[in-house]
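Visitor:
This is the structure we're talking about:
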């Protein structure tokens, strides 16, 4: 009796019996319709801390045997829907792990799981957060303790948060529809309608065309009596359910009317915008769908709508697009040919190079790094002004990358300022140049600070091209094609890092092994400089605060 503590039971449409036991950590117990045990499904992930794992490596067998074993968390409640999928809840999950799951929408430590017949987690998590109750734990003090789940109409489902007697209702895609209910200490005559003292369980009851939620509540007085609270749907709730019903029936014209009615009651309800957007998409109104979906920061269907819009544009302007693309390619090829020819001519030129010739030499450096960086230093093919120009262009390209992305790649319209762009690009370059110069002066480096700065700036030359190109592509690509954008950015950074490696090698006339050691040492030096700078600025701030406080105190006493 102690080993088996069943707390909930459910039966699917095939007669299979699912049992949750508070003492069973292997998952949900599955039995046949005759009561024969067939196995476990959906065992929870075990929580291991990094320190525990390291410490166990140094412990003896006796010490390991005496320790409490790490075991998965047992489920506490269960229900099964009409398709045979199992909804199981837990209230003993580690709070920090549960909070991480809520933020990341990971199923590993979610307090609610939807399991198929083989025990795999299949719940859709398309909302902003994991469908696991309270999100704002700073306000709510702690995470939700989910003790029951009930299935409602049109694929909706509701969970019970025992810690605050609150109910959360979601749709079949994991979007939060509404939350209600409250708990707390009550005195005589202080009870509020709908509040509960100690919520125990919930279920749905359908009467006619209405669905009611029944909540079993336990009083906190000496009688320990139970009472039943019935929640009837409000007009707002019925409108949402009607919208979902028509959406599930593919009656999009009607669903749009209901979703618009929802927005008149709550214009911040994201699911209404998503519902209208999906309906418009199904009607072939792709541009309208795309615009509506942006109100909810939705990218999945917006990406599909954008793909259809793009297809229409391509079909209409295919010849003009082809001409423009070919013309741009010709311009690029001609310019690269001009730069190559100009760089060859400058090889024979004696004396100071022009500013334009110094800039064009960047095209030779990025393709021929060994002789490029050699001539950059020894033949004075580059200059501080040209290097600073490349640095400035890189800063502008980085800034454009932050403000010029298309909606599908920046749905929340996040962007940085030009100041952030300057700090993000110029500061690492200067730190690298200073750190490398400090280190190479001690290790027989042949490059001066000026040589290092120029070589570093010229090594940045590929980045603006890839920044600008990837940013432009975000305005013509769908979200599924985003890997191409990431690939371009990655190529740009890898190319720059390789140029920086060869630039350091040639500038200081190092061997490859010595160059690698120098680069690693430069990175360490950069970290040290940052640490000292932060420490110094903190000290200055404390000194200023102390002086200000001292002056105020003297002023008050005088």
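Residue numbers (the numbering used here): 10 to 567.
Backbone N, C-alpha and C define an ideal beta-carbon position, used for all residues, glycine too.
Bear in mind the structure is a predicted one, so any value in this text is a computation, not a measurement.
Answer yes if the segment 504–522 comes into contact with the segment 439–459, meaning at least three C-beta pairs across the two stretches below 8 Å, and no otherwise.
Guide: Counting Cβ pairs under 8 Å, three or more are found: they touch.
Visitor: Would you kindly check if the distance between the Cβ of residue 97 and the Cβ of residue 118 is under 7 Å?
Guide: It is not a contact, given that the beta carbons lie outside the stated cut-off.
Visitor: Which residue or residues does DSSP assign as beta-bridge partners of residue 566?
Guide: According to DSSP, which records beta bridges pairwise, residue 566 is partnered with nothing at all.
Visitor: With DSSP run on the structure shown, which of helix, strand or coil describes residue 174?
Guide: Coil.
Visitor: Can you give me the C-alpha to C-alpha distance between residue 100 and residue 15, rounded to a whole angstrom?
Guide: Cα-Cα distance, rounded: 15 Å.
Visitor: Classify residue 331 as helix, strand or coil using the three-state DSSP reduction.
Guide: Looking at residue 331 - three-state DSSP - the assignment turns out to be helix.
Visitor: Considering just the uninterrupted stretch of the alpha helix (DSSP H) at residue 22, what are its terminal residues?
Guide: Counting along the chain, residue 22 falls outside any alpha helix (DSSP H), and DSSP gives it neither H nor E.
Visitor: By Cβ distance below 7 Å, which residues in the same chain neighbour residue 394 in space, the five residues on each side in sequence not counted?
Guide: So the list reads 364, once near-sequence residues are dropped.
Visitor: Whole angstroms is fine: what's the gap from residue 173's alpha carbon to residue 425's?
Guide: Whole-angstrom Cα-Cα distance: 40 Å.
Visitor: Check each candidate in 223, 205, 218 and name the one with the smallest Cα separation from residue 212.
Guide: The shortest C-alpha separation from residue 212 is found at 223.
Visitor: Who pairs with residue 189 in a beta bridge, going by DSSP?
Guide: Per DSSP, 176.
Visitor: State the DSSP-derived secondary structure class of residue 277, mapped to helix, strand or coil.
Guide: Note: residue 277 maps to coil in three-state DSSP.
Visitor: Can you list, in chain order, the stretches of the beta strand (DSSP E) that have 3 or more residues and sit fully within the segment 93–151?
Guide: Fully enclosed beta strand (DSSP E) runs of 3 or longer: 95–98, 121–124.
Visitor: Helix, strand or coil, according to DSSP, for residue 559 in the structure here?
Guide: The answer is helix: DSSP assigns residue 559 an H, G or I state.
Visitor: Kindly indicate which three-state DSSP category residue 324 falls into: helix, strand or coil?
Guide: Correct three-state label for residue 324: helix.
Visitor: From residue 235 to residue 247, what does the alpha carbon distance come to, in whole angstroms?
Guide: Roughly 29 Å between the two C-alpha positions.
Visitor: To the nearest angstrom, how far is it from the Cα of residue 113 to the Cα of residue 340?
Guide: About 46 Å.
Visitor: Taking the straight line between their C-alpha atoms, what separation do you get for residue 22 and residue 92?
Guide: Computed Cα separation, rounded: 7 Å.
Visitor: Would you mind sorting residue 484 into buried or exposed? The rule is 16 or more other CB atoms within 10 Å of its CB.
Guide: Residue 484 is exposed by the Cβ-count criterion.
Visitor: Cutting at 6 Å between CB atoms, please list the residues of its own chain near residue 374, excluding the five before and the five after it.
Guide: The answer, listed in chain order, is 381, 467.
Visitor: When we look at the beta-carbon of residue 361 and count the other beta-carbons within 10 Å, is it buried (16 or more) or exposed?
Guide: With fewer than 16 Cβ atoms within 10 Å of its Cβ, residue 361 is classed as exposed.
Visitor: In the DSSP assignment, find the alpha helix (DSSP H) that holds residue 464 and state where it starts and stops.
Guide: Element bounds for residue 464: 458–468.
Visitor: What runs of the alpha helix (DSSP H), each 4 residues or longer, lie entirely inside the segment 195–274?
Guide: The segment 195–274 contains these whole alpha helix (DSSP H) runs: 244–257, 261–274.
Visitor: Only counting the same chain, and skipping five residues up and downstream in sequence, which positions put a Cβ closer than 8 Å to that of residue 536?
Guide: None.
Visitor: Can you round the beta-carbon distance between residue 115 and residue 141 to whole angstroms, since I take them to be within the 8 Å contact cut?
Guide: Contact doesn't hold; Cβ gap of about 10 Å is too wide.
Visitor: Shortest alpha-carbon distance to residue 473 belongs to which of 206, 502, 329?
Guide: Considering only alpha carbons, the answer is 502.
Visitor: Buried or exposed for residue 271, going by 16 or more other Cβ atoms inside 10 Å?
Guide: Counting Cβ neighbours within 10 Å, residue 271 comes out buried, since at least 16 surround it.
Visitor: Have a look at 525, 463, 430, 561 and flag the residue whose alpha-carbon is nearest the alpha-carbon of residue 389.
Guide: For residue 389, the nearest C-alpha among the options comes from 463.
Visitor: With contact counted as at least three CB pairs below 8 Å, one residue from each stretch, are the segment 538–551 and the segment 493–507 in contact?
Guide: Because the criterion of three Cβ pairs below 8 Å is not met, the segment 538–551 and the segment 493–507 do not touch.
Visitor: Determine whether the beta carbon atoms of residue 86 and residue 139 lie at a separation below 7 Å.
Guide: Against a cut-off of 7 Å, the Cβ pair of residue 139 and residue 86 comes out as no contact.
Visitor: Straight-line CA distance for residue 508 to residue 184?
Guide: C-alpha separation (whole angstroms): 48 Å.
Visitor: My understanding is that residue 283 touches residue 302, with C-beta atoms under 8 Å, so please give their C-beta distance in whole angstroms.
Guide: Rounded, the Cβ-Cβ distance is 7 Å, consistent with contact.
Visitor: Output needed for residue 330: all residues of its chain with C-beta closer than 7 Å, excluding positions within five of it in sequence on either side, in chain order.
Guide: Same-chain partners within the cutoff: 323.
Visitor: With H, G and I counted as helix, E and B as strand and the rest as coil, what does DSSP make of residue 524?
Guide: Helix.
Visitor: Would you mind giving the Cβ-Cβ distance between residue 310 and residue 286, rounded to the nearest angstrom? I have them listed as a contact below 8 Å.
Guide: About 6 Å separates the two Cβ atoms, so the contact holds.
Visitor: Around the Cβ of residue 274, are there at least 16 other Cβ atoms within 10 angstroms (buried) or fewer (exposed)?
Guide: So residue 274 counts as exposed.
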